[in-house]
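Take a look at the structure below.
2 protein chains.
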Amino acid sequence: MKYYIDFEPIGKRGRLSSEKLILDHARELGVDLVNICGGAGICGQCKVQIISGDASPLTTNEFGVLSPEEIAGGFRLACQALPLSDCLIHVPPESLTSPQRTQVEGDEILTYPVDPLIRFYSLKISSASVEDFRSDTEQLMEALHKQHQIKATSIDIKSLCDLPSLMHDGNRQTMAVVRDNEIISFHKSDARKIGMAVDIGTTKIACYLVDMETGRTLAAKGIMNPQIAYGEDVIARIGRAMEHSEALKLQKLVVDALNQSVKELCDQLNLNVAEIIEAVVVGNTAMHHLFLRLPVKQLAMAPYIPAVNTHLDVKAREIGLHICKGAYVHLLPNIAGFVGADHVSMLLALDAHNKKGVCLAIDIGTNTEICLINNKKTNHKKMTSVSCASGPAFEGGHIKHGMRASNGAIEHVHYEEGRIKYQTIGQMPPVGICGSGILDALAQLYKAGIINNSGRLSDDHPSIRNNDGQLEFVLAGKEETNNHKEITLTQKDIRALQLAKAAIATGITMLLESQGLSDNDIDEVVIAGAFGSYIDVASAVAIGMLPDLPIQRFKQVGNAAGIGAKAALVSQRHRKESQDIADRTEYIELAASTDFMEVFTKATLIGPV
Amino acid sequence: MKYYIDFEPIGKRGRLSSEKLILDHARELGVDLVNICGGAGICGQCKVQIISGDASPLTTNEFGVLSPEEIAGGFRLACQALPLSDCLIHVPPESLTSPQRTQVEGDEILTYPVDPLIRFYSLKISSASVEDFRSDTEQLMEALHKQHQIKATSIDIKSLCDLPSLMHDGNRQTMAVVRDNEIISFHKSDARKIGMAVDIGTTKIACYLVDMETGRTLAAKGIMNPQIAYGEDVIARIGRAMEHSEALKLQKLVVDALNQSVKELCDQLNLNVAEIIEAVVVGNTAMHHLFLRLPVKQLAMAPYIPAVNTHLDVKAREIGLHICKGAYVHLLPNIAGFVGADHVSMLLALDAHNKKGVCLAIDIGTNTEICLINNKKTNHKKMTSVSCASGPAFEGGHIKHGMRASNGAIEHVHYEEGRIKYQTIGQMPPVGICGSGILDALAQLYKAGIINNSGRLSDDHPSIRNNDGQLEFVLAGKEETNNHKEITLTQKDIRALQLAKAAIATGITMLLESQGLSDNDIDEVVIAGAFGSYIDVASAVAIGMLPDLPIQRFKQVGNAAGIGAKAALVSQRHRKESQDIADRTEYIELAASTDFMEVFTKATLIGPV
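Just so you know, the protein sequences line up as chains A and B, in that order. Residue numbering for the first sequence follows my numbering, beginning at 131 and increasing consecutively. Residue numbering for the second sequence follows my numbering, beginning at 131 and increasing consecutively.
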C-alpha cells in the first residue's frame, strides 16, 4: 500500500500514508494543484500525466473532460485517480497554482555590436511584362542587386512559394530577409525583426525574444524542461534516449514546449511567430544532441565523444520549430561530451577570452562545468575546462525533503542562538528544502559545530533525533508545516552533499594544479546559472565547495549561457568568437588523472580549504 | 439516366446505355478491369476511385474488402457500384488487366563522361581514445582528408545521426558519400552507387535507376501521371491546383507514385531505396512547380511567369521522396512558363548546342515545345524555342472514340482499295483510336480525297454516314468490336485535329521566320517524346503538321527528356551545360506576334505545306 509517488518537474516525492487520491497526496507533499471544482472531476484543471505506474480505472468524469489523445498519453485528473503502484507523475505547468522559479535573467556584461548574419532589405519589385519573360526569382534578384548592391544566390524553397503572389498580386513592396547569400523569407515592409535565443538546461529552459536591430531583449520566459519526468539528470536522460523512439519523444517534448513558449511570448508582444527569423540554441552536449535527434548513447560511455563539436546551422523546420519557415537554428559549438555549447555560451557572455588575470567561471548544476581562464602572463591566454559530476543534490534530488525551487521551498537557513531560522520561497509554510537552503543548512550546522568536518551529525542537540536508526536534524517542526510533518536534514543527505561539493572542489583544485596556480592566484570567481544565482556564496565557501577568497572576488551573474546565446544571435563577431572559444579551450578529463581519487577524498571534508 | 462516365488515366469516356455497374460499363468501353471473383465482390481486384460523381451506397462486400482509408478516399469495387450521376473514375494501374503503354526508352545520342557531383570515399575510421577527445565529426573529417585529400565542410544533419554508431560500434569501415563539400550519407563499403532520373510529363512519368559509376541504366519504369484524373492538360491541372490544399494533394500523388515506382525498381535489382543518393527531375514548368509545391496560378495567366527558372537543389526529404535521407533532388532549369526543364533536358540529350547546321527539335504533347537550333553560320549558335498549345487531341482527348495508347487502341490506319485497314495495340479487337492512329486516319483519308484540304468530309463514300446531323467515317464496323459499336472519326474530330496540327505547324513556321530561314534550310528534324515515337512521320508530313522534307531528315528519338535527365545525373559537365542551354535559349511568345493569327489560319488547311 505504501506506494512511492514522485511528482515532477517539482521534484517532490513521498510515500502514500494510506489509500489516497493523487490530488490529496500532492497536497500532503506541498504540491499545489489547481482545483477549481473542489475535486468533483468536472473542471479538468488538475490534469497530471502518469509516466510510469498504475492507477485506478478512468472515471466517467475523466472520459468527459479528457480528450482521447490525453487519455492515450496517460493523462488523468488528480482528483479522480488513485495510485495502485509506485508512480512517476508529470505535473504540467498549467496544473500548478504557482509557477516554479526559473532563472532567465543574467548580467549583460557584454556590449555586443548589433551585426547579425541576417539582413533586411526593403524592395520595390517591378512586375514582369510581355517584353520581359524572366522568372520571378530573376526579377527579384535583380531588384536586390540594383536597389541594395546585394547578390543573393538562392531562395529558401519554402519561401520561394510566397514569391509569385508578391510579384503579381500585392503592392509590389516586400522586405527580403537575407542570410549569408540565401534569401530565407519575404516579410511585409513593416514586419518586426525578431530573433530567438534558447538555453536548454537539463532542468530548465530559458527562451528569449530579441530585437535583431537593437539587440534588446523584448521578452523572456523560463520553463521547466519537460524531459525531467523521463530522467532527472543527464545520465538518466541519456539512458532513456538509448531507444530511438524514446529519443524522438524526448526531442518532441522540448520542441513542443519551445513552440508553446515562443507562441506565448509572441502573443505578449503582439507578434506572429513567423516574424522570428533566426534562433540560437545552446545547451549541454546531451541536450544539444537530443535537440538535433543525434544519438546520445556514446555520450554516456567513455571516452564520452560527441557526434559533433563545431557550430551547426540547421533549418528550424527540420527540427520542428515553428518560426519563420525559412529560418535557421544556429547551434553554438560544443567542447566535449560533458562540456557543451552552454559552457561556450557562458564563456562568450563573460568575455572570457578577453579577461585579464586569472578567472574561474563556474556553472553549477547536476553537472558542473568549470573553466579556468589564465591570462596572468601577457600573451598567454589559456582556457581549460573540466566537468564535475556534482549530481542532483543541489536540485533537491536524493535529499529526503529536497525539492526544486518552487513555492514553500526553504531557500535560506540561518542558525542563531541554538535555533534554526529559515526563509521559504513565496513566504509560504515550508514543504521542503531546495538547493540554496541545503547549502546554507550544511554551512550553518557546520559552523555551529553540529556537523563536524567529516560530516557527522552530533547526537546531543535538541533538534537532532534518531529516526529508524538514522540521525536527522529537524529544520522545521510539525507545527510549522501544513501537513504536520517535520522537515529534516538527514545524515544520508549530508553524505550526498559532501559528494556533490567534493566533485566541484576537486574540479577547481585540479584545474589550478594543471596550470601551477593556487587559490590565491584567482582574481575572480564568476558563478553562472540559476542555482549559482540563489546560493549564499559565504555558505559555499564555508563548507569548502568554493575557494576561500575575499567575498568581493565572487560574482554571481545569473544565466550567462542565455546571455551568450543572445550575443551570438545578433552579432556575427560573437558567433565567430564562440567557435574560437571552443577551439581554444582545452578539456581535461578529471577521472583520467592519477591523483583524482586522492584529491576527491580530501575534498569530501567539510570546512574551508 | 444516360450518365457520362470518364475512365482515367485510360482516357476512355462514354454514356451509360442503361443502369449498369461500373465494371460492366468499363467492359463496354473496352477498359479491362481485373475481375477474379467474377463480380462477386470478394476478390477486391476491380478497385476504382470515384474522383467526382455519385454512386450507389457501399455494399457489405465492399466494407469487407476495402480499408477505411480507401473508403474515405472514394475507392469502390467496380463490380458493386452503380453510377448515380456523371462520374470521373480513376483506375489504378493494378486494377487493369494490361498496363498502359508508356515510353521510357530513348536513343542515347550523348556519350556522357561519368563525372558525377557525388563522390564515394571508402574510409578506415579510427576510434576516439582517452587521449583524443575530438568529436566523431572531427575524426571523420580528418580521415577523409588524410586518406583521400578531400576537405568536406559539413555533414547532413540526418546522416550525422549514423556517425556515432559507425565510429564506436561497427567494423570501423564506411563509405562517405560526398556531394560538393557536404557529406550526405554513410554507406556500407559494398553498397551500390545508384542515382535516379525522372521525367514527369503531364500524362506520363518515366523513372530510371542509373549506376553512378558507369552511367548505365539499370532499370526503368513508365507510369501514368496519377494527376490525370484531376485535370487532363496542364491548364486544367493548374486550375485544380489554384487551391493550396489541392496543390498539395497533386504533389503527394506524384511523389507517392514515384516512391512506389522506385521501390519496385529497387526490388527488381535487389537494392535498398536508401542506396539512391541523388535524383535529377525534369518536367514542364507546371509539373516542376507542382513537384516543388510552388504556386502555379501565375503560369496560367499572361505573361506566364515561372517562380524560378534556374536549376535547383533541394533535399529529397523536403519533397517527401524516400531515397537516401541526405540525398538531393537536382531540378534542371526552366526557360519559360510553357518551356520547362523537360525541354532543356531534351536539348541536352540531343547535344543541341553542339549541333551543326539547322535543326528542329520537337516534343509533341498536349503542349508541344519546339526549338530551332540555328548553327548554320560558323560561330553563330542560336537556339530559339516556342510553345504551342496543341491540345489533347493526340492523346485521344476531345475525339469521339479517342483514347490513350493502351490495349485495343487503333494505332495505325491504312486506306487501300476503298477499305480501311488498321492495327491495334496488343492485336486486340478495337476499342478506340489513339493519337498515332488518328494522325494516320487523317492523312489516309486526305490522300484518298475523302477529306478535302479544308478538312471537310466528302458525303459520298460508303463508309461515311450521317449521325444526328454530323458526318462521320466508320473506321471499324459493329461486327469488328467487342461491344458491337462502331468506331468512327467525326467531322468534329477532324476540326480538333486541324487545330492541333495547325498549332504545331504555326510554331515551326514562325520559328523559321524569326531566323529568316525556310523549310529547306532544315538539316534535321528531331522528334522526341512518347507520342512522337509512335507516329508515322509520313502521315504528319502529309497533313502539313511537319515540314515537307525528305523522310531521312527526320529522326524519332524516344524519351529524350529522360535521357537528358540521366546525363545530368551522372555528369557535372552536362549539368552545367543544361544551365547554359537554358540561359542561351531565347523564348518567343507566339501569341504576342502580330501575324500569329494569319499564319495559324493558313496552317489549319490540310496537306503538305
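Ideal Cβ positions, reconstructed from N, Cα and C, are used throughout, including at glycine.
CA-CA distance, B:GLY194 to B:CYS173, rounds to 10 Å. Put simply, the backbone Cα of A:ILE465 is about 8 Å away from that of A:VAL474. Taking a C-beta distance under 8 Å as the contact criterion, A:VAL221 and A:LEU163 qualify as a contact pair. At a C-beta separation below 8 Å, A:PRO294 has these neighbours in chain B: LEU424, PRO425, LYS427, GLN428, ILE435, ALA437. Measuring C-alpha to C-alpha distances from A:GLY562 to each of A:HIS542, A:ALA573, A:GLU546, A:ILE581 identifies A:HIS542 as the nearest.
Close to chain A, meaning a Cβ-Cβ distance shorter than 7 Å, are the following residues of the region 283 to 314 of chain B: ILE287, LEU290, CYS291, LEU293, PRO294, SER295, HIS298. When only Cα atoms are considered, A:ILE681 and A:LEU587 end up about 28 Å apart.
Partner residues in the beta bridge of A:LEU207, as assigned by DSSP, are A:LYS177. For B:TYR717, the closest Cβ of chain A is nearer than 8 Å. If only uninterrupted alpha helix (DSSP H) runs of at least 4 residues are considered, those enclosed by the region 537 to 592 of chain A are 565 to 577. In the three-state DSSP reduction, B:PHE263 falls in the coil class, being neither helix nor strand.
Each residue's CA atom was taken as its position, placing B:CYS489 and B:VAL656 some 7 Å apart. A Cβ of chain A is located within less than 8 Å of the beta carbon of B:VAL444. Within the same chain, LYS608 come within 7 Å of A:LYS615 by CB-CB distance, once the 5 residues on both sides are set aside. Checking the DSSP bridge columns, you'll see A:SER515 partnered with A:CYS501, A:TYR717.
Just so you know, the alpha carbons of A:VAL385 and B:GLY204 end up roughly 36 Å apart. A distance of 8 Å or more separates the beta carbons of A:ALA409 and A:VAL340. When DSSP states are grouped into helix, strand and coil, A:ARG309 belongs to the strand group. In the pairwise beta carbon analysis, the region 491 to 501 of chain B is classified as touching the region 650 to 664 of chain B: at least three pairs are separated by under 8 Å. Straight through space, the alpha carbons of A:VAL426 and B:GLU405 are spaced by roughly 26 Å.
Shown here, A:ARG302 sits in coil according to DSSP, grouped into three states, outside any helix or strand. Close CB contacts of B:MET476 within its chain, under the 7 Å cut and outside five residues either way in sequence, are with ALA491, ASP493, ALA658, ALA690, ALA691, GLY694 (chain order).
Chain-ordered, the chain B residues with CB closer than 9 Å to the CB of A:GLU448 read ILE287, LYS288, LYS445, ARG447, GLU448. B:THR514 is not a Cβ neighbour of B:VAL364, given a cutoff of 8 Å.
Residues of chain B with a Cβ closer than 8 Å to the Cβ of A:SER265 are, in chain order, ILE435, PRO436, ALA437, VAL438, ASN439, THR440, ASN464. Going by C-alpha positions, A:HIS317 is about 20 Å away from A:ASP245. Contact annotation: B:VAL392 and B:MET326 have beta-carbon atoms nearer than 8 Å. At a cut-off of 8 Å between C-beta atoms, A:GLU268 counts as an interface residue with respect to chain B. Scanning A:LEU679, A:PRO356, A:SER148 for the CA closest to the CA of A:GLN179 turns up A:PRO356. The C-beta of A:GLN628 has 16 or more other C-beta atoms within 10 Å across all chains shown, which makes the residue buried.
DSSP, reduced to helix, strand and coil, places B:GLU408 within a strand of the structure shown. Between B:GLU716 and B:LEU478, the C-beta spacing is not below 8 Å. Sequence-distant Cβ neighbours of A:SER215 in its own chain, meaning closer than 7 Å and more than five residues away, are TYR133, GLY183, ASP184. In the DSSP annotation of this structure, the continuous segment of the beta strand (DSSP E) that includes A:GLN600 starts and ends at 600 to 606. For B:ALA350, the beta-bridge partners assigned by DSSP are B:TYR338. Within its own chain, the residues whose Cβ lies closer than 7 Å to the Cβ of B:ALA371, once the five positions on either side in sequence are excluded, are ALA377, LEU380, LEU420, VAL426, listed in chain order.
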